[in-house]
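Below is one structure, written out as structure tokens, with a few remarks after it.
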């Protein structure tokens with residue numbers, strides 16, 4: 061197992077170089093920026109002292125416009141200024157997960173996230189791995205869908221998380237069909253390399269959010285069963301990985317909370333690390 065991990069990390073470094081070369085568009089990355097979130101004000105989560113460190117990998121969180129029905133929670137806010145669907149669990153989940161990435165891998169990762177707006181020229185191409193949360197409320201424009209499709213076909217990777225049941229799936233799929241109208245969404249088989257990049261994850265289970273601890277209900281809407289779905293490119297590389305009917309972000313966000321079961325954070329961290337290493341080696 062140790063040899064496998066070392067090989068994966070070595071391959072990750074080489075893979076990152078390959079991905080960066082394929083995606084390079086000579087557009088410098090945007091500087092670090094913070095926005096108010098759904099759950100946290102900027103001042104609530106202090107910046108670590110090394111937040112501006114230049115590293116080989118950055119946790120990139122996708123910014124996006126929400127469906128009109130999500131506006132009741134974000135009335136009067138411009139999604140480009142935060143306090144929108146894309147800020148769910150932000151930034152606490154990102155920074156907790158990054159602590160795990162820095163501790164459990166040899167990957168040189170920045171200790172803070174980077175919000176990425178597809179409308180910022182070619183900025184998205186600076187990040188080989190992109191995380192999108194609450195995608196049951198996203199509503200991409202045609203231009204954003206086209207940009208994201210190009211990003212993914214050039215070697216980028218998108219992880220979508222925390223959307224539940226039929227209604228969320230249908231809303232998610234409306235935008236996804238604009239990204240890839242001709243590519244099917246399929247169940248990822250257990251033997252796919254993404255589930256074995258670092259950790260062997262044959263025995264996956266539904267990861268509920270912290271809200272499940274309070275309510276005793278481990279699902280939302282009619283999302284009773286966890287699904288691990290994805291979209292592949294023509295060479296069999298997984299470009300999009302979907303954590304449908306699970307809340308991986310909460311498993312990161314509440315990893316230090318004694319009331320949140322450790323088994324969910326343990327799986328959530330392993331899934332995230334596998335997805336990162338896979339994205340940099342395939």
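Residue numbers (our numbering): 61 to 342.
The C-beta atom is built at its ideal place from N, Cα and C for all residues, glycine as well.
{"Query": "Whole-angstrom distance between residue 212 and residue 149, CA atom to CA atom", "Result": "24 Å"}
{"Query": "Ranges of the beta strand (DSSP E) found wholly within the segment 183-228, counting only runs of at least 3", "Result": "189-193 and 217-223"}
{"Query": "Inter-residue Cα distance where the pair is residue 255 and residue 291", "Result": "15 Å"}
{"Query": "Rounded straight-line distance, which links the Cα of residue 225 to that of residue 324", "Result": "20 Å"}
{"Query": "Cβ separation of residue 174 and residue 92, assumed to be a contact under 8 Å, to the nearest whole Å", "Result": "7 Å"}
{"Query": "Contiguous alpha helix (DSSP H) assignments of at least 4 residues, all confined to the segment 271-335", "Result": "308-313"}
{"Query": "Residue 341 versus residue 297: straight-line alpha-carbon distance, rounded", "Result": "10 Å"}
{"Query": "Minimum C-alpha distance to residue 319 - residue among 188, 275 and 102", "Result": "275"}
{"Query": "Assigned secondary structure, residue 177 (DSSP; H/G/I helix, E/B strand, else coil)", "Result": "strand"}
{"Query": "Check whether residue 176 and residue 121 have beta carbons under 9 Å apart", "Result": "yes"}
{"Query": "Candidates 305, 111 and 128: closest to residue 220 by CA position", "Result": "305"}
{"Query": "Among 187, 229 and 294, nearest to residue 88 - alpha-carbon criterion", "Result": "187"}
{"Query": "Other residues of its chain near residue 125: CB distance less than 6 Å, five sequence neighbours each side excluded", "Result": "139 and 199"}
{"Query": "Option nearest residue 245 by Cα separation, candidates 165, 269, 301 and 266", "Result": "301"}
{"Query": "Sequence-distant residues of its chain with Cβ nearer than 8 Å to residue 273 (five each side left out)", "Result": "319, 320 and 321"}
{"Query": "Supposed close pair residue 145, residue 197 - CB separation, criterion 8 Å", "Result": "4 Å"}
{"Query": "Residue burial classification, residue 313 (beta-carbon count within 10 angstroms, cutoff 16)", "Result": "buried"}
{"Query": "Buried/exposed call for residue 184, threshold 16 Cβ in 10 Å", "Result": "buried"}
{"Query": "9 Å Cβ cutoff met for residue 165 and residue 336", "Result": "yes"}
{"Query": "Member of 229, 253, 257 and 293 whose CA lies at the smallest distance from the CA of residue 282", "Result": "229"}
{"Query": "Identified DSSP bridge partners for residue 122", "Result": "176"}
{"Query": "Simplified DSSP assignment, three categories, for residue 117", "Result": "strand"}
{"Query": "Classification of residue 338 by the beta-carbon crowding that lies within 10 angstroms, buried from 16 upward", "Result": "buried"}
{"Query": "Closest residue to residue 180 among 90, 102 and 287 (Cα-Cα distance)", "Result": "90"}
{"Query": "Limits of the unbroken alpha helix (DSSP H) element including residue 164", "Result": "152-164"}
{"Query": "Three-state secondary structure (DSSP) of residue 102", "Result": "helix"}
{"Query": "Buried or exposed (CB count within 10 angstroms, at least 16 for buried), residue 151", "Result": "buried"}
{"Query": "DSSP state of residue 130 mapped onto helix, strand, coil", "Result": "helix"}
{"Query": "Selection from 157, 317 and 142 that minimises the alpha carbon distance to residue 331", "Result": "157"}
{"Query": "For residue 195 and residue 97, the rounded distance between their alpha carbons", "Result": "16 Å"}
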